[in-house]
Amino acid sequence: MNRTGRIIGIVLMLALGVVLLYLAFQSSKLFLFLNGLGEQIGCGIIGAFLILAGVMNLFHRKK
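When we follow the UniProt record's numbering, the leftmost residue of the sequence shown carries the number 1, and every step to the right adds one.
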């Protein structure tokens with residue numbers, strides 16, 4: 001993968017992770033089919049993994 005695509009991928013992962021973490025702490029009814037805290041827990045877990053993946057890709061060095 002070229003450098004530009006890698007940087008765009010990292011930025012998108014970090015941005016999507018931040019948005020999902022925001023939705024985890026914001027009490028909105030984005031997904032009406034989920035009842036209770038399922039939406040917030042799911043958004044928080046996926047957002048944390050996306051931020052972790054973005055940071056790990058940021059510091060990844062090719063051999």
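For glycine and all other residues, C-beta sits at the position ideal for the given N, C-alpha and C.
Could you tell me the alpha carbon to alpha carbon distance between residue i and residue j, rounded to whole angstroms?
| i | j | result |
| --- | --- | --- |
| N2 | G54 | 16 Å |
| G5 | G38 | 33 Å |
| residue 64 | L58 | Beyond the ends of the chain as shown, which are 1 and 63, falls residue 64; an answer cannot be given. |
| G42 | A48 | 10 Å |
| L23 | I45 | 11 Å |
| G8 | R61 | According to the sequence as given, residue 8 is Ile; it is not Gly. About 17 Å. |
Decide if residue i is buried, meaning its Cβ has at least 16 other Cβ atoms within 10 Å, or exposed.
| i | result |
| --- | --- |
| L12 | exposed |
Considering only residues of the same chain and omitting the five flanking positions on each side of residue i, which have a CB-CB separation below 6 Å?
| i | result |
| --- | --- |
| F25 | none |
Enumerate in chain order the residues of its own chain whose CB-to-CB distance from residue i is below 8 Å, with the five nearest sequence positions on each side excluded.
| i | result |
| --- | --- |
| I51 | M13, L14, G17, V18 and L21 |
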